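Below you'll find the structure, written out as structure tokens, and then a few comments.
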Amino acid sequence: GPVFFFTRGSCRTVVLNTYEAASEGFVKQGNHLSGRFDPKHKHKLFADYTEKWQEQRKLRVMALKGLGKINLEEVISSECGKLMEKIKEMGCGFEAGYLLATPTFNVIRKVIYGETAGKGNSYEDKLSKILSGPVYDVEGGVWRALVDLFPQVRSSLTFERMVEKKVKERIDKVREQITGSQEFMDEMLQKIQDWENGECYNDKQLFNYITDLFMAGTDTMATTHWSLVFLAQNPEIQNKMAAEIIKVTGNDIINVSMMESMPYTRAVMYESTRMRPVFPLSLGHQATSDVTVKDNVIPKGTLVVANLWAIQNDPKWWKNPESFRPERHITENGGFTKNEKIVPFSIGPRFCLGSQMATYHQFIFLANLVRTFKFRFHENQPEPDLTGVMTSVLAPVGIRMMATKR
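Per the UniProt record's numbering: the sequence shown = residues 1 to 406.
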């Protein structure tokens with residue numbers, strides 16, 4: 001049904017299983033379903049939807065706008081170039097997930113810290129393994145119950161513990177002398193210092209927000225990985241996409257402004273997102289008051305999640321949903337069109353602030369890769385399992401690929 005309840009231990013949970021239910025809950029009733037589930041993590045980006053939270057959000061938006069000082073496209077293109085060199089070296093056989101993890105991590109690191117990790121950096125290697133590897137165990141209690149229900153949060157906790165030390169070191173360094181430099185953290189600290197209501201923000205919240213930015217980068221990594229897998233499975237679609245990219249870009253450096261001229265490329269990205277939402281379940285929201293969704297009363301304090309997988313693979317809206325068809329997102333006039341039922345960054349007041357950055361990141365990576373290489377499954381690869389496995393996100397695992405120069 002559109003709404004179902006279940007209980008595990010003391011954790012009462014509601015799943016919104018259809019687009020109509022999710023829209024009614026998180027959009028129409030969004031102010032009542034925007035609380036954060038676990039009080040232990042109350043300083044997270046997903047803290048309760050209060051006036052203080054809205055003030056903090058304004059600050060984050062201001063800092064994100066400050067990223068305009070950074071040539072983000074240049075950073076992404078540089079890391080993509082390194083990735084392509086690595087693929088050339090390993091073209092006879094590789095798993096794309098681990099190769100994508102390092103450049104994805106480096107883009108976010110450059111934005112936040114103004115630096116990337118050096119070659120062979122053990123810290124970088126550990127984070128890459130977390131981003132692309134299996135889920136990790138965490139502490140017990142109510143949070144463990146949530147982890148059992150929603151495995152995607154497990155490795156994020158291990159990831160947080162690793163990032164925290166670096167963030168604290170950077171905060172101490174920047175506070176000694178705020179220079180107005182280009183990095184996101186410097187920008188945030190400057191905004192906090194200038195903020196009239198400075199008491200509503202602290203270093204813990206800043207740390208958690210930076211962690212969220214790193215974890216948001218895994219969306220780019222996994223969605224790009226899924227796109228490459230689906231393109232390898234459908235060579236005619238891959239060739240059509242490559243032809244469009246080459247026609248628009250020639251040998252020019254690919255930039256975000258070209259995206260508007262590549263409707264089919266955008267449709268491939270969008271269809272990958274539809275078929276394999278990297279977060280099959282939305283992050284948990286807590287009902288801050290009793291609320292009714294589809295004639296079901298959701299009591300205050302209940303954990304509420306949306307089933308993004310079900311929404312984006314619902315036969316009611318998608319004919320043959322397990323068929324990879326970018327044409328779903330192309331208009332009669334040949335343009336690209338979005339669909340409100342594709343909600344990879346969730347819906348309602350808590351939509352992802354970094355969604356635009358993630359889209360740009362994915363576009364530059366994927367367009368460069370497909371223009372340069374032909375991707376196919378490894379000749380010794382058995383029929384690949386496209387179900388996916390939960391790492392920090394839902395991602396393809398164990399699929400070996402080959403790449404040849406186009």
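C-beta atoms are modelled at their ideal positions from N, C-alpha and C, and glycine is treated no differently. These numbers were taken from a predicted model, which means no experiment stands behind them.
{"Check": "Is the stretch 237-245 touching the stretch 293-308, taking contact as three or more C-beta pairs under 8 Å?", "Outcome": "no"}
{"Check": "Since R274 and I342 should fall inside the 8 Å C-beta cutoff, what is the C-beta to C-beta distance between them, to a whole number of angstroms?", "Outcome": "5 Å"}
{"Check": "Just checking: is the beta-carbon of V14 within a distance shorter than 9 Å of some beta-carbon in chain B?", "Outcome": "Of the protein chains in the structure, only one exists, and it is not chain B."}
{"Check": "Contact between the stretch 245-256 and the stretch 311-327 is defined here as three or more beta-carbon pairs at a separation below 8 Å; is this criterion met?", "Outcome": "no"}
{"Check": "Which of helix, strand or coil does DSSP assign to N255?", "Outcome": "coil"}
{"Check": "Grab me the residues of S289's own chain with a C-beta within less than 6 Å of its C-beta, minus the 5 sequence neighbours each way, in chain order.", "Outcome": "H32, K300"}
{"Check": "Should K405 be labelled buried (16 or more other beta-carbon atoms within 10 Å of its own) or exposed?", "Outcome": "exposed"}
{"Check": "What is the residue span of the beta strand (DSSP E) that C11 lies within?", "Outcome": "11-16"}
{"Check": "Please go through the stretch 280-360 and give each complete alpha helix (DSSP H) segment of 4 or more residues, from N-terminal end onward.", "Outcome": "308-312"}
{"Check": "May I ask which residues mark the beginning and end of the alpha helix (DSSP H) holding R274?", "Outcome": "263-275"}
{"Check": "Over the uninterrupted alpha helix (DSSP H) stretch that includes T249, give me the two end residues.", "Outcome": "235-249"}
{"Check": "Once the 5 residues before and after T224 are set aside, which same chain residues still bring their CB inside 7 Å of it?", "Outcome": "L100, Q362, F365, L366"}
{"Check": "State the DSSP-derived secondary structure class of T224, mapped to helix, strand or coil.", "Outcome": "helix"}
{"Check": "In whole angstroms, what separates the C-alpha of E379 from that of V304?", "Outcome": "44 Å"}
{"Check": "Are there 16 or more other CB atoms within 10 angstroms of the CB of T18, so buried, or fewer, so exposed?", "Outcome": "buried"}
{"Check": "Name the DSSP bridge partner or partners of E383?", "Outcome": "Answer is none; E383 lacks a bridge partner."}
{"Check": "Taking the alpha carbon of A287 as the point to measure from, which residue in E20, R328, T13 has its own alpha carbon closest?", "Outcome": "T13"}
{"Check": "Tell me which same chain residues have a C-beta within less than 6 Å of the C-beta of Q177, skipping the five on either side of it?", "Outcome": "Any answer about Q177 is weak, because its pLDDT of 48 lies below 50 and its placement is not dependable; what the coordinates show is given next. Closer than 6 Å at Cβ, skipping near neighbours: no residue."}
{"Check": "Give me whichever residues DSSP pairs with A395 in a beta bridge.", "Outcome": "V389"}
{"Check": "For M84, list the residues DSSP reports as bridge partners.", "Outcome": "M84 is not bridged to any residue."}
{"Check": "Excluding the 5 residues preceding and the 5 following A316 in the sequence, name in chain order all residues of the same chain whose CB lies nearer than 7 Å to its CB.", "Outcome": "Per the sequence presented here, residue 316 reads as Lys, with Ala not at that position. Closer than 7 Å at the Cβ level, and outside the excluded window around K316, lies no residue."}
{"Check": "Counting only the same chain and skipping the five closest in sequence on each side, list residues whose C-beta sits under 6 Å from that of K374.", "Outcome": "T404, R406"}
{"Check": "Locate the beta strand (DSSP E) running through M402, then write down its first and last residues.", "Outcome": "400-405"}
{"Check": "Is it buried or exposed, Q356, if we count other Cβ atoms within 10 angstroms and call 16 or more buried?", "Outcome": "exposed"}
{"Check": "Taking the beta strand (DSSP E) that K377 falls in, what are its first and last residues?", "Outcome": "The amino acid occupying residue 377 in the given sequence is Phe; Lys does not appear at that position. Its beta strand (DSSP E) spans residues 373-377."}
{"Check": "Taking the C-alpha atoms as reference points, what is the distance between K247 and P384?", "Outcome": "31 Å"}
{"Check": "Could you check whether D219 and P344 sit closer than 9 Å to each other, using their CB atoms as the reference points?", "Outcome": "yes"}
{"Check": "Using the Cα positions of R109 and P103, report the straight-line distance between them to the nearest angstrom.", "Outcome": "10 Å"}
{"Check": "Express the C-alpha separation of F4 and L386 in angstroms, rounding to a whole number.", "Outcome": "27 Å"}
{"Check": "Run through DSSP, which three-state label would V370 get?", "Outcome": "helix"}
{"Check": "Who are the near neighbours of K86 in its chain, counting only those whose CB is closer than 7 Å to its CB and skipping five residues on each side?", "Outcome": "L99"}
{"Check": "Thinking P235 and R376 are a contact (beta carbons under 8 Å), I'd like their distance in whole angstroms, please.", "Outcome": "7 Å"}
{"Check": "Bridge partners of E95, per DSSP?", "Outcome": "R400"}
{"Check": "Is it buried or exposed for T265, if we count other Cβ within 10 angstroms and need 16 for buried?", "Outcome": "buried"}
{"Check": "Thinking just about the alpha-carbon of each residue, which of A395, N368, E24 is nearest to the one in L245?", "Outcome": "Reading off the sequence, residue 245 comes out as Ile, not Leu. Taking only the C-alpha atoms, the option nearest I245 is N368."}
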